[in-house]
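Participant: Numbers 1 to 162, taken from our numbering, label the letters of the sequence shown in order.
Each residue gets a CB set at the ideal place from its N, CA and C atoms; glycine is no exception.
To start, I am sharing the structure in question, which I have written as structure tokens.
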Amino acid sequence: METKIDSRIIGIIAVMGIMMVVAAIFMNWIAVDDAYLGYSGLQIGDLVDGGDYDDWQQNVPLIVFILGIIMLILEIISLIMPDMSKKIEAIMPSLTFIFGIVIIILCALFACWDLFDEHTVLLVTTDPCDAGAGCWTALVGAVICVICNLGQVIATVKKKEA
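So this is what it looks like as structure tokens:
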């Protein structure tokens with residue numbers, strides 16, 4: 001018995017993953033170990049403003065947020081208007097798939113960011129800051145979106161061949 005999943009259900013699951021990516025900007029991206037403090041994606045600039053912390057990773061939450069908004073718009077358009085031209089129908093899931101891969105890479109790089117330039121030996125560091133829930137939420141949302149869009153891209157290719 002063959003089970004067939006509707007592409008709209010996959011699209012809705014992808015939208016939920018993208019909404020996780022977008023909502024992550026408001027969560028803690030940097031968690032401080034010694035207190036119940038954290039810095040959301042909007043506050044990281046305040047933490048590293050001035051001083052010697054001019055690393056590019058401080059912009060990752062904003063980049064992830066912007067990519068998430070673009071992905072959300074593309075996915076909603078493909079859900080609302082399923083009868084688009086064949087080229088656009090093939091491009092939109094591919095773009096959201098690529099943006100999802102970029103977000104996964106950015107979140108992984110952010111999680112490895114050594115904020116205060118502490119030295120890491122055998123994955124042990126004295127850095128009092130870790131990646132917070134916002135980074136991990138965006139990563140999980142991007143993985144969900146990539147998996148769903150991979151299914152949509154495969155379905156589009158199969159439809160194109162038929």
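Could you name the residues of the same chain whose beta carbon sits closer than 6 Å to that of C145, not counting the 5 residues immediately before and after it, in chain order?
Facilitator: Locating residue 145 in the sequence shown gives position 145, counting from the first residue. The residues are A14, G17, I18, G100.
Participant: Check the C-beta distance from C107 over to A142 and give it rounded, since I have them as a contact under 8 Å.
Facilitator: Stepping through the sequence shown from its first residue, residue 107 is reached at position 107. Stepping through the sequence shown from its first residue, residue 142 is reached at position 142. With a Cβ gap of about 7 Å, C107 and A142 count as contacting.
Participant: By the 10 Å Cβ neighbour count, where 16 or more other Cβ atoms means buried, how is I30 classified, buried or exposed?
Facilitator: On the sequence shown, position 30 is the one that residue 30 refers to. Label assigned to I30: buried.
Participant: Going by C-alpha to C-alpha distance, which of A155, M20, V64 sits closest to I105?
Facilitator: As a working mapping, residue 105 is identified with position 105 in the sequence shown. I105 has its Cα closest to that of V64, out of A155, M20, V64.
Participant: Rounded to whole angstroms, what's the CA-CA distance from D83 to A90? Just pull it up for me.
Facilitator: On the sequence shown, position 83 is the one that residue 83 refers to. On the sequence shown, position 90 is the one that residue 90 refers to. Answer to the nearest angstrom: the Cα atoms are 12 Å apart.
Participant: Starting from the Cα of G11, find the closest Cα among I76, V140, W56 and give me that residue.
Facilitator: Against the sequence shown, residue 11 aligns to sequence position 11. Looking at the Cα atoms, I76 is the closest of the given residues.
Participant: Excluding the 5 residues flanking M92 on each side, which residues of the same chain have their C-beta closer than 6 Å to its C-beta?
Facilitator: Residue 92 sits at position 92 when you count from the first residue of the sequence shown. Taken in chain order, the residues that qualify are L74, S78.
Participant: For L109, does the count of other Cβ atoms within 10 angstroms reach 16, so buried, or fall short, so exposed?
Facilitator: Mapped onto the sequence shown, residue 109 falls at position 109. With fewer than 16 other Cβ atoms within 10 Å, it is exposed.
Participant: Note down the Cα distance separating N149 from D130, rounded to an integer number of angstroms.
Facilitator: Here residue 149 refers to the residue found at position 149 when the sequence shown is read from its first residue. Here residue 130 refers to the residue found at position 130 when the sequence shown is read from its first residue. Distance between the alpha carbons of N149 and D130 is about 30 Å.
Participant: What three-state label does DSSP hand S85 in the structure shown?
Facilitator: Residue mapping note: residue 85 aligns to position 85 of the sequence shown, counting from 1. S85 falls in the coil class under three-state DSSP.
Participant: Classify W113 as helix, strand or coil using the three-state DSSP reduction.
Facilitator: The count along the sequence shown starts at 1 and reaches residue 113 at position 113. Note: W113 maps to coil in three-state DSSP.
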